[in-house]
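Colleague: In numbering that gives the first Met the number 0, the protein residues as written are 0 to 137.
Every residue, glycine too, gets a C-beta built ideally from N, C-alpha and C.
No experiment lies behind these values; they were computed from the predicted model shown.
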Amino acid sequence: MSAATANIGLIYASKGDYSKAHFFVNRALKINQEIGNILWEAYNLDLIGVAYESTGNYKESLRCSLKSAKILRRLGEKVKLCTTLSNIGWMYISVGEYVNARASLNESIEIAKEENYIDGFWSAYEGLVKLDTVEGKW
């Protein structure tokens, strides 16, 4: 039930209707919290964070994604943590917190190496290029 509800939220997010996306993903989050599905709680928090980022609400975006990362660390879910850390790095770039951005992106790359997660490299390295650009290193 919660996965289907979250997927409905993703469909709305892909169409740019973030209000409805938030509604459905928050609903999925509540279901997962009620049944104690901690892994899916982390997934939902990350989705909510990405949706907040899409609307420019970086404070809430970071809050949700950092909470997701904390849960993923505790569970040892390294591949999903890799993606979440990359997202967090991009969020930090958006708010000008470049030291935190670099730390998140570098940690994402380290996990991608450990897990041989090729897809994990792309977003993190792209984030580092963006970071170096905004810092005037290019």
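What does the Cβ neighbour count give for Thr132, buried or exposed, with the cut at 16 atoms within 10 Å?
Modeller: Result: exposed.
Colleague: According to DSSP, is Trp154 part of a helix, a strand, or is it coil?
Modeller: Residue 154 is absent from the structure shown; the chain starts at 0 and stops at 137.
Colleague: Give a yes or no on contact between the region 30 to 42 and the region 62 to 77, applying the rule of three or more CB pairs nearer than 8 Å.
Modeller: Counting Cβ pairs under 8 Å, three or more are found: they touch.
Colleague: For Ala27, which of Glu114, Leu9, Lys14 has the nearest alpha-carbon?
Modeller: Closest option to Ala27, Cα to Cα, is Leu9.
Colleague: Assuming Asn11 and Ala5 make a contact with CB atoms under 8 Å, what is their CB distance in whole Å?
Modeller: Before going on, a small fix: residue 11 reads as Tyr here, not Asn. With a Cβ gap of about 11 Å, Tyr11 and Ala5 do not count as contacting.
Colleague: Helix, strand or coil for Lys29 per DSSP?
Modeller: Helix at Lys29.
Colleague: Considering only their Cβ atoms, is the gap separating Ser107 from Met90 smaller than 9 Å?
Modeller: Contact flag unset, no.
Colleague: Considering only residues of the same chain and omitting the five flanking positions on each side of Ile37, which have a CB-CB separation below 7 Å?
Modeller: So the qualifying residues of the chain are Ile70, Leu74.
Colleague: Take the Cβ of Ala50 as the centre, count every other Cβ of all protein chains shown within 10 Å, and call the residue buried at 16 or more, exposed below.
Modeller: Flag for Ala50 reads buried.
Colleague: Let me know if Ala123 comes out buried or exposed under the rule of 16 or more other beta-carbons within 10 Å of its beta-carbon.
Modeller: Classification for Ala123: buried.
Colleague: Given a cut-off of 9 Å, decide if Ser53 and Gly97 are closer than it, judged by their beta-carbon atoms.
Modeller: The question names Gly, but residue 97 in the sequence shown is Tyr. In this structure, Ser53 does not lie closer than 9 Å to Tyr97 by Cβ.
Colleague: Would you report the Cα separation of Glu33 and Ser1, rounded to the nearest angstrom?
Modeller: About 11 Å.
Colleague: In the DSSP assignment, find the unbroken alpha helix (DSSP H) run with Tyr11 in it and report its ends.
Modeller: It spans 1 to 13 - the alpha helix (DSSP H) in which Tyr11 sits, taken as one unbroken run.
Colleague: Identify, in the order they occur along the chain, each residue of the same chain with its Cβ nearer than 6 Å to the Cβ of Lys14, setting aside the five sequence neighbours on each side.
Modeller: Within the same chain, Lys14 has no close Cβ partners at all.
Colleague: Of all the options Lys77, Thr83, Ser103, which has the alpha carbon lying nearest to the alpha carbon of Asn115?
Modeller: Comparing Cα-Cα distances from Asn115 to each of Lys77, Thr83, Ser103, the minimum goes to Lys77.
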